[in-house]
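For the sequence shown, the residue numbers in my numbering are 187 to 456.
Here a beta-carbon is modelled for each residue, glycine too, at the ideal position from N, C-alpha and C.
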Amino acid sequence: MSSSAAGYAAITAAATATTVISSTIEVTSTLTVAAQAANTASATAAAAGQETVHVVQVGGSNGTTIFSPNNVIAAAGDLVQFQFNAKNHSVVQSTFDQPCVPIQNVMPNKTDAFFSGFMANNHTFGKAGVQLVYTIRVKDTKPIWFYCSQAKHCQSGMVGAINAAASGNKTVQAFAALAAGAAVNLSPGENPAAAAASSAVASLGGASSIATATAAVSGVAGATGGGATAASTSGPPLQSVNAAPGRFADAARSGMAGIAYAVIAAFFML
């Protein structure tokens with residue numbers, strides 16, 4: 187048996203369950219296998235009846251946020267196996283037009299979308315050892331788009347595709363360009379408004395962005411990315427957190443002036 191066939195046999199032996207779903211993808215359970223069992227770009231079984239496994243590395247050396255390769259050309263029936271390296275990444279299916287957003291957020295009737303969950307591990311890229319993997323089966327040759335939903339990984343270019351065109355309007359490069367401008371990076375089930383607020387706080391920082399984020403979550407009109415500008419018709423204006431505190435002498439003078447005005451007002455009322 188060839189080394190490729192042996193690698194696939196090891197993967198098959200390690201599988202604990204297989205779930206077949208209705209339309210585009212068949213998802214096999216998350217496995218733990220020896221990386222050396224199948225660590226080639228395309229592990230192709232030699233014997234009749236065995237399958238082609240396309241391997242995608244999730245995360246690169248030194249924690250780089252990449253899928254490698256970022257576009258897999260697979261035939262119907264092929265397996266695509268995502269092998270997770272150090273840090274904490276995920277694989278989420280999306281549409282081309284809305285990268286960084288789970289496909290079921292855009293297509294509510296999409297019941298067969300895939301999501302690996304977050305795969306925190308210490309496996310070193312390119313080294314032998316135990317590695318977490320997540321495998322899907324391709325049912326046809328239509329393009330499939332995916333991304334990592336950790337932090338800003340999607341916006342930073344951690345996106346990929348299966349059967350994306352090499353040219354035209356819907357290439358993996360065009361997909362990455364759209365992802366770079368995405369407002370949020372969501373995992374399935376995550377609240378978009380809360381994610382947008384968290385993103386605003388993380389990217390802008392400071393009291394003004396926190397107020398802006400709070401306004402975004404609660405639907406307050408007038409909040410902008412430049413700070414807390416939502417208008418309010420009731421209550422006194424709030425002091426900025428980073429405003430310099432007044433000196434004691436200034437406060438004392440203000441207090442004495444207030445007392446003097448009160449005495450004068452009381453005199454004229456008598």
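**OP:** State yes or no: is the C-beta of Phe332 within less than 8 Å of the C-beta of Val370?
**Re:** no
Original post:
Residue range of the alpha helix (DSSP H) that Val292 falls in?
Top reply: 289-292
Subject >> Extent of the continuous beta strand (DSSP E) run through Leu364 >> reply: Unbroken run through Leu364 is the alpha helix (DSSP H), 358-366; no beta strand (DSSP E).
Original post:
Just the Cα atoms here: how many angstroms apart are Ser373 and Ser276?
Top reply: 9 Å
**OP:** Return the residue from the list Val244, Asn271, Thr238, Ser280 that minimises the CA-CA distance to Ala261.
**Re:** Thr238
Subject >> Reduced DSSP secondary structure (H/G/I, E/B, other) of Ser353 >> reply: coil
**OP:** Check whether the region 279-289 touches the region 306-319, taking contact to mean three or more Cβ pairs, one atom from each stretch, closer than 8 Å.
**Re:** no
**OP:** Write down the C-beta distance between Gly245 and Phe270 rounded to the nearest angstrom, noting that I regard them as a contact closer than 8 Å.
**Re:** 7 Å
Subject >> Buried versus exposed, by CB contacts within 10 Å (16 or more), Gly375 >> reply: exposed
Subject >> Identified DSSP bridge partners for Asn307 >> reply: Lys273
**OP:** Please classify Asn377: is it buried, with 16 or more other beta-carbons within 10 angstroms of its beta-carbon, or exposed?
**Re:** exposed
Subject >> Cutoff 8 Å; reference Pro329; Cβ partners in own chain excluding five residues on either side >> reply: Phe282, Ala347, Ile348, Asn349, Ala350, Ala351, Lys356
Original post:
Who are the Cβ neighbours of Asp264 in its own chain at under 8 Å, not counting the five residues just before and after it?
Top reply: Glu237, Thr238, Val239, His240, Arg323, Val324
**OP:** Quick one: measure Cβ to Cβ for Ala363 and Gln341, integer angstroms, because I've assumed they're closer than 8 Å.
**Re:** Actually they are not in contact, since the Cβ atoms of Ala363 and Gln341 sit about 11 Å apart, beyond 8 Å.
Original post:
If you run the structure through DSSP and keep just helix, strand and coil, what is Gly346?
Top reply: strand
Original post:
In terms of alpha-carbon separation, which member of Gly343, Ala272, Asn248 lies closest to Gly315?
Top reply: Ala272
Original post:
By Cβ distance below 7 Å, which residues in the same chain neighbour Gly303 in space, the five residues on each side in sequence not counted?
Top reply: Ser276
Subject >> Endpoints, beta strand (DSSP E) assigned at Ser280 >> reply: 278-280
**OP:** Could you tell me the distance, in whole angstroms, from the CA atom of Met305 to the CA atom of Val292?
**Re:** 25 Å
Subject >> Interface flag, Gln336 vs chain D, CB-CB below 8 Å >> reply: The displayed structure is made up of one protein chain only, and chain D is not part of it.
Subject >> Burial state of Ala379, where buried means 16 or more other Cβ atoms lie within 10 Å >> reply: exposed
**OP:** Determine the contact status of Gln336 and Asn274, defining contact as a CB-CB distance below 8 Å.
**Re:** yes
**OP:** Report yes if the C-beta distance between Thr327 and Val266 is below 8 Å; otherwise report no.
**Re:** no
**OP:** Under 8 Å Cβ to Cβ from Val358, same chain only, skipping five residues before and after it: list those, please.
**Re:** Asn256, Asn257, Val345, Gly346, Ala347, Ala350
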